[in-house]
Structure formats: C-alpha cells, structure tokens
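Mapping of the sequence shown onto our numbering: position 334 corresponds to residue 651, and the numbering continues sequentially without gaps.
Here a beta-carbon is modelled for each residue, glycine too, at the ideal position from N, C-alpha and C.
Treat the numbers as computed from the prediction; the structure is a model and nothing was measured.
To start, the structure under review is shown below, and the notes come after it.
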Amino acid sequence: MTSAIGLRERWLDMLDKVIRGGTVVDGTGSPSRVADIGIKDGRIVAIGVVEQDAAEVIDATGCIVTPGFVDPHTHYDAQLLWDPTASPSSVHGVTTIIGGNCGFTLAPLIPGDADYLRKMMSKVEGMPLAALENGTDWSWETFAEYLGRLEGNISVNAGFLVGHCAIRRYVMGPAAVGAEASIEHIAGMRTELAKSIQSGALGFSFTNSTSHSDGDGEPVASRWATHDELIALCEEVGLHEGTTLEGIVPGCLDRFADDEIELLGLMSAAANRPMNWNVLTVDSREADRVPRQISAYDRSIELGGKVVALTMPVQVPMNMSFSSFCGLWLLPGWQQILGVPLAERIQRLQDPDTRVLMLENSLSQAAGVFRRLADWGDYVIGDTYSAANEGLKGRVVRDVAIERGKSSFGTLLDIVIADELKTILWPTPQDDDAESWRMRAELWQDGRAMIGGSDAGAHLDRMCGAPYPTRWLADCIRGRKLVPVEFAVKMMTSQPAKLFGLVDRGELREGACADVVVFNPDEIGSEDAMLVTDLPGNSSRLTAGSFGVKRVLVNGVTIVENGVANGAVPGTVLKSGKDTYTVLAR
C-alpha cells in the first residue's frame, strides 16, 4: 500500500499538463523537432522526453506546437472590457496583444469627458459608438484604474501604451484640440505620462496622421503637438525601464516625407527606445515604396534611434461603404462630399458634376496609396438592401456596368444610392501578383520590418485582420510556401516579444511562460470574414473563426479548445519594468 508521504511526494512531482508527441517549433527559428512539453504553475518546466505524470495529458501527435503569437498592434483597448477573449484573435493562436496604439487610449480620462473620447474612437478607429456607450461604464480616471478593470478579467496577456491624445486632453482639456501646448502644459503631460508608465503603461504612442479626426471632424489632439512636445514626451519615456514607442505620421500610409523620417528617428533617439510604425504595404506597381519606407530605419540608426516598420503577411479583407466612415473618405475631396447627413449625401452623389469631380480626384496622384481604391469596375458587390439591387450580391461592378451600358463608377454609385448607401462593397486586391508576393517575402526577412498591424479591435465593420496567424501558416504550409514555417512562427513570436522586451514570452523553452498553440498543419487556416451582430448596443462587426487550432494555452491554462474559446481568464496585464525589460535603440 502506498504511504501518505509517498502520495504527497508524487502529487508534488506531478505536472499540471504534458503536451505529448507534437512537432515543436520553438519560436527561435531553429529546426522543428518532436518533443514533449511539461507545464507546471504556468511555466514550461521540461522539453524533450517528459515521463512525469500530469493532471492533464494533451495528445499532440501529428500537430505542430508553437509559442503563443504576439500581435503588436490591436486597438483592443475597449473590446477587452466586454470581451475578455479578445475575439477572434485568441482562436487564431494569439496569446499576447499590444493596445494603446496610434496615440489612442481610454485613459487618463477627465471625469465626465467620456462622450468626447467615445465619439473620437468611433470616428478614428471604427469602433461602433453604440458598443462603446453600452459596453462599459467609463467610470475610471487614471491609467492605473483602467488597467485595474482588466487585471484578472482577460483570457490573453495584454500590454498597453499610453496615447498622446488622452494625455493631452487630460492636461489641456478642450484646448488640446486647436492650441499649442505651453511649457507648463508639456510639464503636466510629462507628469501624467510618468504616472501612467509607473502604473504599467508599456510606453508612449502618438499620431499626426491627417487621416485622424475626432467626432467633431477636427484634427485629434496629438496632431496639434509641436515636434518639441513630442521629443519631450519621448525623453520622459527614456527615464523608465521596460518602455517603448509607437506612432503614425501621414507618410505611413504611402511615402514618408523627409521631415517625417527625421521626426521618427529623433523621437526614438530621444527615448533611446525602438519606435514601431503601422503599416508598410507592398505593391509591385509601386515598387519604390518599400525602399523609401524602410529608409526610415537607416536614418534612425544614424540619429541614434531605431525605427521599425510593421507589415502584414496576408492581404486583409476590407470592405467599403458610402454610409459610414471608411477608406473612401480619405480620397482627395471626398470627405467634404460624404461628410454630410444622409439625404444631402445622396443628392450630392446624384449630381453629374460631383461624380466627375470624385472620379477625377480618386484617380489623381494626390490620392497616393488610396488610389488603389479607385479600381471601380473590380469591386465585388456584397450585401444589398433594396429590391432594385436584388441578385447583385457577389457580382463584379464592371459586369453590371456593361449590361447597363454605363460607366463602372456611375453604376457603382447607382447601386449604392438604391440601397440608401448601405451597400457593402469589396474591392478586389490589385497587389495579388507574383512579384508583390516575392517582394513581401523579401521584406519579411529584412530586419528593418516586423510582422503586425492587424488592427484586430478596430474598423470592426470594415476589416478583419485578426486571423493573420492562421492564414499565414496555411500559406506557408499548403500555399505559396514563401518561407519555412519555423521562420513564420519566429516572426510572430520571439521577434515581437524581443522588440517589446516581453519577459519569458515568445519562445518554448524551460522557464518560459506557458503560452502555447497546438495546431494541425493539414487543417490550419481561417474562415472567411462574416458580419455578425454580437457587440454591445446590438452593434455588428466582421469576424472569422479558425480551422485546425486544437489548443491555445495562456500561462498554462487552456483558453481555446478545438477552435472555441472557453471563457477562462488566465491572462496577465503586462506592466512595464515588471513584465518587460528595457530594449535600447542603441
């Protein structure tokens, strides 16, 4: 008979979980190998042949086992307050997310000022206003209080930069929009930035992108900052351990101006922290864009900084609509035409002269990167809402135009007007050619760029970037096979973890946090994006499930099984200097 002491010793020696027989891709880029993984108390304690007993054995035979994926640009700041699973990212293997991107955070927040912030976030990041109004009570003020709402209540690990727009408005009030900051204001912003970082913020994010306007149509607060103000805030970041920078300038969407490259480099140098920016697109028709954008890294090194581009490894499905803010509004002169009440907007779109002006502007050089939206005949018609458009769903605008004997642009406008502008339009990607994909593969292997830019918690009715891990893995294993799966995993795990200085994450090794994904390589992939109504306030979003994801573990606890989130909340709020180490720019 086994003694009580013997049972106790055996229990103490028992692991929480063993993942047996999987092909381990450890996140370092090393060749895969068949091995077991032993997990106890949220950590990996053994890799190899693990013979110890475990409370749970996960059979990974025929599966690939990787570290959890790190998404460095998500805008999940609001959604996590009502959706602890960070849907749909977690079902695609994402175990760590970074929020507070592009200068936009929900804290610090002046008491009673939530309405302004909600309307701004709805405008600039496409979060449905009804969801923001109904998803949480907005009763926090400080960054520490905001993080406190998440601690112990999230499925994934989450770290947040603090946004310049929130800090500027907190210090300057309504004058943050329209006024230059005084010396006293800048000192106050530094103080608030320091408080936010000391409470856990991972660093500082900003925007001066011309595409970012608040709910009143005015440039957001960060856009009114001088370069001196931005440099001063970066200097403050450099005084704190485990911090980083992120930002967006107008040229991020197309080509940097010289002064933008200089600003990003000087900001990074002032903090002595890496700066990442979003997002570098690749199109063989504009092959000179990539060298121009990547040159920001080279110049930043000369200045004593380090500026890294984010780029996506897949083409993100993105729809358009004339009924709400989207990329179409960023075409030259279009916002002035579309930014009026619905009835007046329809009248304008029916005017022949206005149509000519819109078409000419959409095809002009001034449209820059948004000129890719002007292939009007190639749009695929999505959901329609009128009898006049019955049977058009799934058809290409050009074909309908030929049948009607009209221009493609005119036909498209006729279709959306018949639906009172609610028609969903899907642009056909024009950068799906072999040369563009060759250029992407080359960029992925360039140390001046990093995988990311999903905007998973933003632009919810327009795009669905969250599934990029499973879509890219499917392409690497069963599709174009542009890079080995070991390389792809490294780009989504240890590389972003090292840029942000995430402690013990991004690799499968003894002592690391047990953030783990188990997937079937023959099945891995993503569903097509679909519109569902599951947000607070009866709001809708695009989302997509995964294929082949057998298990996702966060800190040793299963949060997804067979592609379904179970609601467990083992995630950690990642805090600077505690869960991150300092990564220097030089």
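{"Query": "In whole angstroms, give me the CA-to-CA distance for glycine 823 and methionine 506.", "Result": "33 Å"}
{"Query": "For the structure I just gave you, are there three or more beta carbon pairs, one from the segment 850 to 865 and one from the segment 461 to 474, closer than 8 Å?", "Result": "no"}
{"Query": "Just to confirm the assignment, what range does the alpha helix (DSSP H) spanning arginine 788 have?", "Result": "785 to 795"}
{"Query": "Using beta carbons (cut-off 7 Å, strictly below), is isoleucine 719 in contact with chain B?", "Result": "Protein chains in the displayed structure number just one, and chain B is not present."}
{"Query": "The alpha helix (DSSP H) that contains serine 612, what's its start and end?", "Result": "606 to 620"}
{"Query": "Beta carbon of leucine 332, beta carbon of alanine 395: below 7 Å?", "Result": "no"}
{"Query": "Just the C-alpha distance for valine 713 and aspartate 748, rounded to the nearest angstrom, thanks.", "Result": "18 Å"}
{"Query": "Here's the rule: buried if 16 or more other CB atoms are within 10 angstroms of the residue's CB, otherwise exposed. What is valine 657?", "Result": "exposed"}
{"Query": "Please look up how many angstroms separate the CB atoms of alanine 586 and alanine 372, rounded, as I've assumed it's under 8 Å.", "Result": "At roughly 50 Å, the Cβ-Cβ gap does not stay under 8 Å, so alanine 586 and alanine 372 are not in contact."}
{"Query": "Alpha carbon to alpha carbon, how far is threonine 345 from lysine 623? Give it in angstroms, no decimals.", "Result": "22 Å"}
{"Query": "Assuming the contact rule is C-beta atoms closer than 8 Å, histidine 776 and glycine 517 should be a hit. Round their C-beta distance to whole Å, please.", "Result": "With 8 Å as the limit, histidine 776 and glycine 517 do not qualify as a contact, their Cβ atoms being about 26 Å apart."}
{"Query": "Below 7 Å between beta carbons: does that hold for methionine 809 and phenylalanine 386?", "Result": "yes"}
{"Query": "Three or more C-beta pairs under 8 Å: does that hold for the segment 407 to 421 against the segment 474 to 487?", "Result": "yes"}
{"Query": "How many angstroms separate the CA atom of glutamine 762 from the CA atom of threonine 598?", "Result": "15 Å"}
{"Query": "Quick one: what's leucine 627 bridged to in DSSP?", "Result": "Met767"}
{"Query": "Kindly give me the distance between the Cβ atoms of glycine 339 and valine 382, rounded to whole angstroms, as I take these residues to be in contact under 8 Å.", "Result": "4 Å"}
{"Query": "Quick check: the Cα distance between glycine 323 and lysine 357, rounded to an integer number of angstroms?", "Result": "Below a pLDDT of 50, predicted positions are generally treated as unreliable, and glycine 323, at 49, falls in that range; no measurement from the model is reported."}
{"Query": "With a threshold of 16 other CB atoms inside 10 Å of the CB of aspartate 400, please say whether the residue is buried or exposed.", "Result": "buried"}
{"Query": "May I ask you to verify whether the segment 702 to 712 touches the segment 664 to 680, counting CB pairs closer than 8 Å and requiring at least 3?", "Result": "no"}
{"Query": "Would you identify the three-state DSSP class for valine 494, choosing helix, strand or coil?", "Result": "coil"}
{"Query": "Relative to the alpha-carbon of proline 887, which residue among Lys798, Cys830, Gly894 and Ser843 has its alpha-carbon at the smallest distance?", "Result": "Cys830"}
{"Query": "Hey, how far is the Cα of valine 780 from the Cα of valine 631?", "Result": "Note that residue 780 is methionine in the sequence shown, not valine. Rounded to the nearest angstrom, the two C-alpha atoms are 13 Å apart."}
{"Query": "Give every residue of the same chain whose Cβ lies closer than 8 Å to the Cβ of valine 802, excluding the five residues on either side of it in the sequence, and list them in chain order.", "Result": "Val342, Ser349, Ile381, Leu790, Cys793, Ile794 and Pro838"}
{"Query": "How long is the line joining the alpha carbons of threonine 302 and glycine 520, rounded to whole angstroms?", "Result": "What the structure shows of the chain is the stretch from 318 to 903, and residue 302 is not part of that stretch, so it cannot be assessed."}
{"Query": "Using the C-alpha atoms, what's the distance from methionine 635 back to leucine 848?", "Result": "12 Å"}
{"Query": "Does the pairing of the segment 648 to 663 with the segment 721 to 740 give three or more beta-carbon distances under 8 Å?", "Result": "yes"}
{"Query": "So, at 8 Å on beta carbons, what are the nonlocal neighbours of asparagine 706 in its own chain, with the 5 sequence-adjacent residues on each side left out?", "Result": "Ile698, Ile732, Ala735, Asp736 and Thr740"}
{"Query": "Would you call the segment 479 to 495 and the segment 535 to 550 in contact, with 3 or more CB pairs under 8 Å?", "Result": "yes"}
{"Query": "So, is lysine 440 buried or exposed, given that buried needs 16 or more other C-beta atoms within 10 angstroms?", "Result": "buried"}
{"Query": "Distance, Cα to Cα, arginine 826 vs isoleucine 364?", "Result": "7 Å"}
{"Query": "With burial defined as no fewer than 16 other Cβ atoms inside 10 Å of the residue's Cβ, what is the status of glycine 884: buried or exposed?", "Result": "exposed"}
{"Query": "Report the option in Asp668, Pro425, Asn474 and Gly685 whose CA atom is closest to the CA atom of glutamate 509.", "Result": "Pro425"}
{"Query": "Should glutamine 812 be labelled buried (16 or more other beta-carbon atoms within 10 Å of its own) or exposed?", "Result": "buried"}
{"Query": "Tell me which residue opens and which closes the alpha helix (DSSP H) that tryptophan 651 is part of.", "Result": "651 to 655"}
{"Query": "Quick one: using the 10 Å Cβ neighbour count with 16 as the cut-off for buried, is lysine 798 buried or exposed?", "Result": "exposed"}
{"Query": "Counting only runs of 4+ residues fully inside the segment 792 to 823, write out the alpha helix (DSSP H) ranges in chain order.", "Result": "802 to 809 and 811 to 817"}
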